[in-house]
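Working notes, structure below.
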Amino acid sequence: MTQTDLARVGDVMKTDLVTLAPTIEIVRAVSILLEAGVSGACVLDGEGDLVGVLSKRDCLKAALSASYYKQWGGTVADYMSPDPHVLDAELDLVSACEVMIASPYRRFPVMRQGRFAGQISRTDLLRALSLQWR
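Under my numbering, the first residue of the sequence shown carries the number 20, and numbering increases by one thereafter.
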């Protein structure tokens, strides 16, 4: 099997995702993540463009601030990580694996022709690679 025969990120990414708007109050965003049982979400503006990622770590920063000031305050935009690292949907899985191994991030937003298309996690990638080589 050659690298051109390999599956692509876009073939295995998830598209049914929890996403957040940057204008949502952070306390509401935390509730959304907890209720959905997810550890983070891509942040999309009104046009559907990726503007950041909100992780549990970002939410912990908000919770710490809330404990100091005795109230939650701010929006997703105040706490999200802007300009996240992304993977292209056409990237082959082996190359995506190399990127993930070299990165501290557990999941990446996926872009297709400059537009947000989904997300791929380490688990998604490992599952796909394990099936591909059986």
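Cβ atoms here follow ideal geometry from the backbone N, Cα and C, with glycine treated the same way. It should be emphasised that the depicted structure is a prediction, and the values quoted were computed from it without experimental measurement.
For Ala40, no beta strand (DSSP E) encloses it, and the DSSP letter there is neither H nor E.
If you look at Gly92, you'll find it isn't in any alpha helix (DSSP H); DSSP assigns it neither H nor E. A Cβ-Cβ distance of about 6 Å is found for the pair Ala147 and Ala26, placing them in contact under the 8 Å criterion. Taking each of Arg141, Ser149, Ala136 and Thr142 in turn and checking the Cα distance to Val62, the smallest one comes out for Ala136.
Between Val72 and Val57 a beta carbon distance of about 12 Å is seen, past the 8 Å cut, so the two are scored as non-contacting. Residue Val129 holds the alpha-carbon nearest to the alpha-carbon of Val70 among Arg141, Ser140, Val129 and Asp143. In terms of Cβ geometry, Val105 and Phe127 form a close pair [threshold 8 Å].
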